[in-house]
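Using the working numbering, the first residue of the sequence shown is number 9, and each one after it goes up by one. All C-beta atoms, glycine included, are put in the ideal place defined by N, C-alpha and C. Please read these numbers as outputs of a predicted model, since none were measured by experiment.
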Amino acid sequence: MNSLAVMLVIVVPTLVALLAFAWKFRASNSNARYNPEFTYSGRVELIVWSIPTLTILFIGGLIYYGSYQLDPRKPIPSSQPPLDIQVVALDWKWLFLYPEQGVGAINQLVIPAGVPVRFKLTSASVMNTFFVPQLGSMVYVMNGMQTELHLQADREGSFFGQSAHFSGDGFSDMNFSVSAVSADAFTRWASSLRGGGGVLNANAYRELARQSTNVAPASFGHVQPGLFEAVVQQTLPPGPGPAESAASGEPQVSPRALPAAAATMTHHPQGAE
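Take a look at the structure:
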């Protein structure tokens with residue numbers, strides 16, 4: 009609707025002017041002044057240049073305003089503080105870390121409905137994209153860099169998340185589930201992980217960073233503090249990436265080959281069905 013309104017603001021005056029000039033200077037109009045010696049008119053020059061200039065300023069202003077409004081780094085206005093979630097794109101799975109709760113999950117994102125979420129994202133391999141179509145913007149993630157994205161689920165429900173950027177053999181299965189639950193259900197879910205999940209430390213992360221496909225959702229009851237920052241700063245070595253792995257002949261690892269510390273029991277949040 010907004011695009012149609014912008015187009016009409018430009019197209020309608022143009023069509024009106026076209027019809028007006030065609031009518032005024034028609035061959036049968038004897039009142040039209042014929043001036044074969046015409047060379048310059050300041051009024052005509054003003055009109056000819058002012059209309060395109062105003063058009064450019066109008067469209068440019070809309071683009072500037074729209075770009076700011078859709079900036080993925082712009083916080084979502086809310087009376088509640090945002091929930092921080094750290095995201096690492098691996099080959100070929102997603103790692104979600106909850107620094108405030110001290111827990112983590114693989115290919116399973118659980119968020120409280122009605123609460124803004126501030127994602128901090130990076131990649132431990134090649135460039136990738138994080139995308140939850142039903143919630144909002146897609147954002148690129150790169151190795152050694154941190155990206156920020158703000159999203160919010162206005163209602164409880166289950167959503168589909170995916171990688172939307174080709175990243176190698178396991179790209180087509182690099183998906184994750186998103187469960188928006190009540191605030192109480194989210195608290196219970198985080199508590200259940202702390203009560204029985206595995207430990208994600210530097211050693212477990214190194215095993216997790218190895219290439220694997222069709223990885224089932226898993227969870228961690230304790231995440232080593234500063235793990236995400238170590239991945240961003242490349243203190244922890246990144247994954248080899250598809251091209252480098254193929255050149256070295258490193259075998260791809262199936263989910264069953266992951267160590268017990270990195271492949272733990274999946275905890276399903278209550279109310280997320």
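query = Which residue or residues does DSSP assign as beta-bridge partners of Gly206?
reply = Bridge partners of Gly206 according to DSSP: Phe228.
query = Since Leu105 contacts Gln94 with CB under 8 Å, what's their CB separation in whole angstroms?
reply = Indeed they touch by this definition, with Cβ atoms about 4 Å apart.
query = Per DSSP, which one or two residues make a beta bridge with Pro102?
reply = Before going further, note that residue 102 is Trp rather than Pro in the sequence given. The partner list for Trp102 (beta bridge, DSSP) reads Ala97.
task = Go through its chain and collect everything with a Cβ distance to Ser253's Cβ below 7 Å, but skip five positions before and after it.
result = Any reading at Ser253 needs caution, since the residue's pLDDT is 49, under 50, leaving its predicted position unreliable; the model's value is listed next. Here the set comprises Gln219.
inquiry  = For the pair the segment 184-197 and the segment 104-124, tell me if three or more CB-CB distances fall below 8 Å.
reply    = Output reads yes: the segment 104-124 touches the segment 184-197.
inquiry  = Relative to the C-alpha of Tyr148, which candidate in Leu159, Val134, Gln142 and Gln160 has its C-alpha closest?
reply    = Per the Cα distances, Val134.
key: C-beta contact flag for Leu157 and Phe194 at 7 Å   = Not closer than 7 Å, so no.
inquiry  = Between which two residues does the beta strand (DSSP E) holding Ile59 run?
reply    = Boundaries for Ile59: no beta strand (DSSP E) harbours it, while the alpha helix (DSSP H) harbouring it runs Gly50 to Gln77, taken from the DSSP string.
ask   = Thinking C-beta only, is Leu98 closer than 7 Å to Ala217?
value = Contact flag set, yes.
query = Quick one: does the C-beta of Asn37 sit closer than 6 Å to a heavy atom of the ligand PLP?
reply = The ligand content of the structure shown is nil, which means the ligand PLP is not present either.
request  = Apply the 10 Å Cβ neighbour rule to Lys32 and answer buried if 16 or more other Cβ atoms are within range, or exposed otherwise.
outcome  = Exposed, because fewer than 16 other Cβ atoms sit within 10 Å of the Cβ of Lys32.
key: Per DSSP, the bridge partner or partners of Tyr148   = Tyr148 is bridged to Thr137.
key: Integer Cβ distance of Gly176 from Val240, believed to fall under 8 Å   = Rounded, the Cβ-Cβ distance is 21 Å, inconsistent with contact.
task = Would you check if the distance between the CB atom of Trp100 and the CB atom of Thr221 is smaller than 7 Å?
result = Yes, these two residues count as a Cβ contact at 7 Å.
query = Where DSSP assigns a beta bridge to Val119, which residues make up the other side?
reply = A small correction: the amino acid at residue 119 is Ile; Val does not occupy that position in the sequence shown. Note: Ile119 sits in a beta bridge opposite Ala188.
ask   = By a C-beta neighbour count over all protein chains shown, 10 Å radius and 16 as the cutoff for buried, is Gly203 buried or exposed?
value = Gly203 comes out exposed.
key: Coil, strand or helix - Ala113 by DSSP   = Assigned with DSSP and collapsed to three states, Ala113 falls in strand.
key: Beta-carbon spacing of Val125, Gly169 below 7 Å   = In this structure, Gly169 does not lie closer than 7 Å to Val125 by Cβ.
query = Taking the DSSP output, what are the residues bridged to Glu156?
reply = In the DSSP output, where bridge partners are listed per residue, Glu156 has Lys128.
query = Quick check: the segment 41-49 against the segment 65-77, are there 3 or more CB pairs under 8 Å?
reply = With a cut-off of 8 Å, the segment 65-77 and the segment 41-49 do not count as touching, because too few Cβ pairs lie within range.
message = Ser131 and Met150 - do their beta-carbons sit closer together than 7 Å?
response = Cβ distance < 7 Å, so Met150 and Ser131 count as in contact.
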